[in-house]
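Peer 1: Questions regarding the structure given below will be posed in turn.
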Amino acid sequence: MKSHWDGFHLNRIWCLNGLMMDLPNLDPSLKAAWVSQMNAMWDYAQESIGKGNYDVDHWLSSFSVFALHGYR
-11 MKSHWDGFHL
-1 NRIWCLNGLM
9 MDLPNLDPSL
19 KAAWVSQMNA
29 MWDYAQESIG
39 KGNYDVDHWL
49 SSFSVFALHG
59 YR
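For what it's worth, the numbering used here labels the leading residue of the sequence shown as -11, then goes sequentially.
Quick look at the structure:
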């Protein structure tokens, strides 16, 4: 079940990155709060990758790429 939470967090990072790119005038304090939360979600999700479960590794790795680089 943790892998589903990991995927959820990576998806949230992906969406927040997209919002920050589309809102260049975002309040700096709000942006800092978002980045802090994104870093915490990233750290939590990365704990599950590389544990030997092919399905989880494949799925979360692809979501990690989207979280880092977006999908446009």
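Where is the CB? At the ideal position from N, CA and C, for every residue including glycine.
Taking the alpha carbon of Ser63 as the reference point, which residue from Lys39, Asn41, Met29 has its own alpha carbon closest?
Peer 2: Only positions -11 to 60 of the chain appear in this structure, which leaves residue 63 out of reach.
Peer 1: Need the endpoints of the alpha helix (DSSP H) that Pro16 sits in, please.
Peer 2: Pro16: member of the alpha helix (DSSP H) spanning 16 to 34, first to last residue.
Peer 1: Output the boundary residues of the alpha helix (DSSP H) element that contains Met9.
Peer 2: -10 to 10
Peer 1: Just the Cα atoms here: how many angstroms apart are Gly58 and His(-3)?
Peer 2: 14 Å
Peer 1: Looking at C-alpha atoms only, which residue of Asn(-1), Leu4, His46 is the closest neighbour of Ala23?
Peer 2: Note that residue 23 is Val in the sequence shown, not Ala. Closest by alpha carbon: Leu4.
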